[in-house]
Amino acid sequence: MVRMNTKLLLGLMCFAMSTAYTSSGIGIVPGAQDGNIYSFTFTGQTTTPATMIFSGFSRPDCVGFSPDGATAYVTDFQTSNGLIYRFPTAGPYTATTLTTTIHDPIDLVISNDGQTAYVTGDQGFYYFPTSGPYTATTLTPSNQTPDRFCGIAIDSTGTLYTTNFKGQGVYVVTTDLTNNTYDASSIASLSMLYISSVAVSSDGYLYLGAGNGPESGNVYRVPLNDLNATPTLVATGTLTYIDGVSISADGTTGFVGSLNNGVYTFTTDSLPSAYQLTNVGVTTLLSLGIITINIPPTPTPTPPPPVIPLGGLSGNNLAFAEYINNYAPQDASYFVAAALDGTLAQALESAAPTRNAFSLYTASNNLFYLTTNLSNHLHNGSRHRRTGQTQIAAASTQEVWNSEELLASNEPDDRLVSRLCQQKMKRGEKSEEKKNSIWFEAIGALAYQKAQHQTPGFDPITGGGILAFDGKTSKYVRVGAGAAYLYTHIHEDQGAGHSNINQEDLFVYASWENKHVYLDGSVLGGLFQINQVRDIKMSGFEFKSTSKPHGWQLLPHLELGYHYTWPEGIELTINPFIMVDWANAWQKSFKEKGSGPFNAEQKSHHSSLLRSEASLRMYETVFFDSWDLIFQEKAGYVNVHSSRTGNVNAFLVGSPGSFTVTTLTGNQNLGVAEFAMIFAPHTYGYYPTSTLFYQGEFGSKYQSHQVALELAWNF
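If you read the sequence shown in my numbering, its first letter stands for residue 587, the second for the next number, and so on.
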């Protein structure tokens, strides 16, 4: 009977594209009958004809490899001085002869650390250090052992597996090199098989080549984590004896050698598999060793990760693309389809978090609605107090009311006082000034911002209300305080997303006036909460990113104006004024959530909008017996200057670095127009002064429309 065994050491250096892997490597074939050693290359199951690399040996038997696959060891059976040869697997093929004092070495395996060689021989079980001296030490059995070891293999934990020469069974071997002993335990499920060769695969199986008995020529396997499981038939065919078995590094291809029959392959993904004869061309082999290393004739380089092409990009799109290429290259593949179909710019615009600036910009703009309403309250609802009623209160006698001197006065306010007093005297009313006021105002607004800076347009719709109280503290001063709430929904064009904003504010205000000049001031502060959704759409992908930013706001307001009245016929008043509002917002840092790769984390920051207005109001009053009707018109110019309100400084969640994108950064130059009607009853109490007004702001990129209804109870 021919004594057969093999050792397989598998080292993987595979070229990978996507998730497909193919092992490429070298096969070493010892020609036991002709004394030569051969080499062939393979890729998967495709092999090249073998080339002789050594000749003139006595009887090269079995092959083992170092853990890195760089060195091959071949035993030379039928040499009583125990010759073992060592040479580099990739050449040059110059062999080093190791004298190990082993009688007729059969098979060997190298430990996982590469420091120790374990050898089965005709007369025992041995080991020696691979770095020398090459004097083998005999290991003494400490229990029942097979009559002689033959094949040997090692797994990733360092456990050894051996076969019984000329006998049945497979054994698990543990060694104690300190005491130079070993234990061998039979694997129960394999005890009746005549196994000539063993190999361990990288995917966790022990492969067994049958060399005798009824199973001769078959290959079996058992899982390493359940060695007592029933062995599975892996490959079968016309072979009558398996001399060596090896498995490729990816676990998909097996190689077997059979004396005078040649080298065959089989697959492990369809069981059992049939053997296929390769074109190696060596039939004098005794055993077979396969090592998988990356030696393709023309190596294919691993392609670099995809990057976003920057040609033709600018502004925010360029900044975002550069960030992904530098800090998040794993996300660049999402833009491949868009780059191919010409929609790369739109894909970058959709994926970038620039649109998160819309909500904060809108929340700051909303504060201007409140200050506009406050300004209108001080001038529209209480305008009579600023003219006739103040002077009427100063007139203490009916004689003053009928004064011909007042009627003949060149001062318009004096003539107005006389005429108003005469009307009150006819109605039998007392000339008492109402110093206090509680007022409520319902607000509705609609705005539109056109697309700019590679971001879509958007439409904020706002509703809310104001509740406040004020009163005169002196002849010239009125002070007050109030609270306001606003809710805003923002719709973004192109289906880019939406936002909802809640704002709660408190404010205090004061007004000073003399006969013609007034100065109003207020301070408003409060909180805002935003719930925003970005819909990200690009070729082949759709994602949603959601976030809930919040923060607080502060707005100081100042208005300076002049008013003059002509009481002839219908009372006419002109009111030129200038007004300045400075809306400041402090937004906390926040992190987006969503299933896609473009969730951004934005840092906290401060931003502001500075609104300046220069306008002219005009009032016309029509007097009736029980109420007065006042018409008010306004026209003027508004400038809104943005400071960092449109800035987004962020980074993608899970990626380093940062990037800045900007929108809404330019000044807004707007024309403003307003129309109001005030219904002022002559009898106070349950009848409020009612004001209905509309204001519109118009620019090349932005416009807004605001309506409000105010009810003021004076007492």
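All C-beta atoms in this analysis are idealised placements derived from N, C-alpha and C, irrespective of residue type, glycine included.
Please read these numbers as outputs of a predicted model, since none were measured by experiment.
Could you spell out the range, first to last residue, of the beta strand (DSSP E) harbouring residue i?
| i | result |
| --- | --- |
| Tyr955 | Careful: Tyr955 lies outside any beta strand (DSSP E), inside the alpha helix (DSSP H) at 943 to 962. |
| Tyr1223 | 1213 to 1229 |
| Glu908 | From DSSP, Glu908 is part of no beta strand (DSSP E) but of the alpha helix (DSSP H) over 901 to 913. |
| Val1166 | 1157 to 1173 |
| Val1103 | 1103 to 1124 |
| Asp647 | 646 to 651 |
Using only the alpha-carbon positions, how far apart do residue i and residue j sit?
| i | j | result |
| --- | --- | --- |
| Gly1066 | His1149 | 22 Å |
| Gly1285 | Gln1254 | 7 Å |
| Ala774 | Asn814 | 6 Å |
| Ala636 | Gly718 | 32 Å |
| Phe1301 | Leu1113 | 32 Å |
| Gly1182 | Glu1099 | 59 Å |
| Ile614 | Asp693 | 14 Å |
| Asp1214 | Gly1050 | 28 Å |
| Thr723 | Asn766 | 8 Å |
| Thr675 | Thr682 | 13 Å |
| Leu1297 | Ala1070 | 15 Å |
| Asn838 | Gly642 | Strictly speaking, residue 838 in this sequence is Thr, with Asn absent from that position. Cα to Cα, the separation comes out at about 35 Å. |
| Ile910 | Asn1170 | 32 Å |
| Val868 | Tyr624 | 8 Å |
| Gly650 | Pro915 | 42 Å |
| Ala938 | Ala931 | 11 Å |
| Tyr1223 | Met1204 | 15 Å |
| Thr1132 | Ser950 | 21 Å |
| Ala1054 | Val1239 | 44 Å |
| Leu1302 | Ile894 | Any question about residue 1302 goes unanswered here, given that the chain covers just 587 to 1301. |
| Ser834 | Val784 | 14 Å |
| Asp741 | Val842 | 19 Å |
| Asp927 | Ala933 | 11 Å |
| Cys648 | Pro715 | 19 Å |
| Leu594 | Gln754 | Unreliable placement is indicated for Leu594, whose pLDDT of 25 sits below 50; the coordinate value is still reported in the next sentence. So the two alpha carbons sit approximately 21 Å from each other. |
| Val1293 | Met1263 | 12 Å |
| His1291 | Trp1152 | 31 Å |
| Lys1058 | Asn1022 | 7 Å |
| Tyr704 | Phe921 | 54 Å |
| Pro885 | Thr627 | At Pro885, the pLDDT of 48 sits below 50, so the modelled position is not reliable and the matter cannot be decided from this model. |
| Thr816 | Lys1134 | 59 Å |
| Val1247 | Ser1190 | 15 Å |
| Thr706 | Gly737 | 7 Å |
In terms of alpha-carbon separation, which member of the options lies closest to residue i?
| i | options | result |
| --- | --- | --- |
| Leu669 | Thr661, Ser1198, Asp647 | Thr661 |
| Ser1175 | Leu825, Thr682, Gly1137, Asn903 | Gly1137 |
| Asn1225 | Thr637, Thr743, Met1165 | Met1165 |
| Ser936 | Ala1186, Phe643, Gly1051, Ala1221 | Ala1186 |
| Arg1064 | Gly1050, Asp1056, Leu1202 | Asp1056 |
| Thr687 | Ser1125, Thr675, Leu930, Phe711 | Phe711 |
| Leu779 | Thr818, Leu946, Leu904, Leu746 | Thr818 |
| Ser832 | Tyr1273, Thr1275, Gly630, Ala1259 | Gly630 |
| Phe640 | Asp620, Tyr947, Phe651 | Asp620 |
| His1143 | Ala1031, Phe1217, Tyr955 | Tyr955 |
| Lys1020 | Lys1061, Gly1030, Val805, His1039 | Lys1061 |
| Thr764 | Gln754, Thr743, Thr726, Arg1197 | Thr726 |
| His805 | Asp836, Asp769, Phe852, Thr761 | Checking the displayed sequence, the identity of residue 805 turns out to be Val instead of His. For the residues Asp836, Asp769, Phe852, Thr761, the minimum Cα distance to Val805 belongs to Phe852. |
| Pro1242 | Gln1188, Ser728, Asn1088, Thr1275 | Gln1188 |
| Ser788 | Asn952, Ser609, Leu953, Asp733 | Ser609 |
| Ile1216 | Thr1159, Thr957, Ala1236 | Thr1159 |
| Val1258 | Thr1249, Leu1250, Leu1202 | Leu1202 |
| Ala656 | Asn622, Gly611, Asp769, Leu1195 | Gly611 |
| Phe751 | Gly700, Pro1162, Arg734, Lys1101 | Arg734 |
| Asn729 | Ser771, Asp690, Gln709 | Ser771 |
| Ala1236 | Arg1230, Thr929, Ser1244 | Ser1244 |
| Val1094 | Ser1085, Asp1106, Asn1088, His1084 | Asp1106 |
| Gly1252 | Thr1231, His1268, Ala1266, Glu1078 | Thr1231 |
Can you tell me the Cβ-Cβ gap for residue i and residue j, rounded? I've got them flagged as a contact below 8 Å.
| i | j | result |
| --- | --- | --- |
| Ala1033 | Gln1289 | 7 Å |
| Phe1026 | Phe944 | No, Phe1026 and Phe944 are not in contact; Cβ-Cβ is about 30 Å, not under 8 Å. |
| Gly803 | Ile828 | 6 Å |
| Val808 | Pro858 | Val808 to Pro858, Cβ: 15 Å. No contact. |
Return the first residue and the last residue of the alpha helix (DSSP H) that residue i is part of.
| i | result |
| --- | --- |
| Asn1022 | From DSSP, Asn1022 is part of no alpha helix (DSSP H) but of the beta strand (DSSP E) over 1022 to 1035. |
| Asp1045 | It is not in any alpha helix (DSSP H) - Asp1045 instead sits in the beta strand (DSSP E) that spans 1044 to 1058. |
| Leu930 | 930 to 937 |
| Asp927 | 922 to 927 |
Checklist entry - Taking the runs of the beta strand (DSSP E) that are 3 residues or longer, which of them lie wholly in the segment 821 to 869? => result 830 to 833, 839 to 844, 848 to 853
Next on the checklist: My parser needs the beta strand (DSSP E) runs of 3 or more residues fully inside the segment 688 to 758; what are they?
Outcome noted: The beta strand (DSSP E) runs lying completely inside the segment 688 to 758 and spanning 3 residues or more are 691 to 696, 702 to 707, 710 to 715, 735 to 740, 746 to 750, given in chain order.
Next on the checklist: Please give the ranges of any beta strand (DSSP E) in the segment 781 to 818, keeping only runs that are unbroken, at least 3 residues long and fully inside the region.
Outcome noted: 781 to 786, 791 to 796, 805 to 809
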